[in-house]
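Presented below is the structure to which this report refers.
Numbering (full-length UniProt numbering), first residue to last: 1 to 165.
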């Protein structure tokens, strides 16, 4: 398995590209690296599961179907058993409009799908950015500190007085 990496000016996170077409994979990697993300390209799905935990990608582009060693639908299903749609978004890429396969991929947990024959690489990159922006906006993370402190006696006394009246 060959892996194509491109250094980005600023690293916003890794995007895994699982694509068996080398030309398409490298074209996507180049476009993605220009947006500040680090593309990591896999020309098959064999090693992706072990690499997800090590490299913590922010998104996966998954070609369906993949030629060779791994069933793309099984790979998608396996990833979803460990990672939610929000934790690790997956965009599936199809060569042609295949309604049954598209429906199956969405049921298995794909966030979105694109048909390569109808979509250029700029549109794919725009969809990636849209999904990643919505991912960060969905649930604001707040740190809540709970402290166990005694309630001041004057507040306690006022509560007792108001309860009597």
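Yeah, the Cβ is synthetic: ideal placement off N, Cα and C, and Gly gets one too.
Item	Value
Beta-carbon proximity check, residue 79 vs residue 111, cutoff 8 Å	no
Straight-line Cα distance separating residue 71 from residue 99	18 Å
Residue 12, DSSP secondary structure in three states	coil
Inter-residue Cα distance where the pair is residue 59 and residue 14	7 Å
Local conformation of residue 19 per DSSP, three classes	coil
Proximity winner among 122, 67, 68 and 73, relative to residue 103 (alpha-carbon distances)	73
Under the three-state DSSP convention, the category residue 70 falls into	coil
Whole-angstrom distance between residue 88 and residue 95, CA atom to CA atom	23 Å
The beta strand (DSSP E) enclosing residue 59, as first and last residue numbers	59-64
Own chain residues within Cβ distance below 6 Å of residue 138, not counting five before or after	Because the pLDDT of residue 138 is 47, which lies under 50, any placement of that residue in the model is unreliable, and the number read from its coordinates should be weighed accordingly. Correct list: empty, nothing qualifies.
Residue 119 - DSSP class collapsed to helix/strand/coil	coil
Simplified DSSP assignment, three categories, for residue 96	coil
Where the alpha helix (DSSP H) containing residue 50 begins and where it ends	48-55
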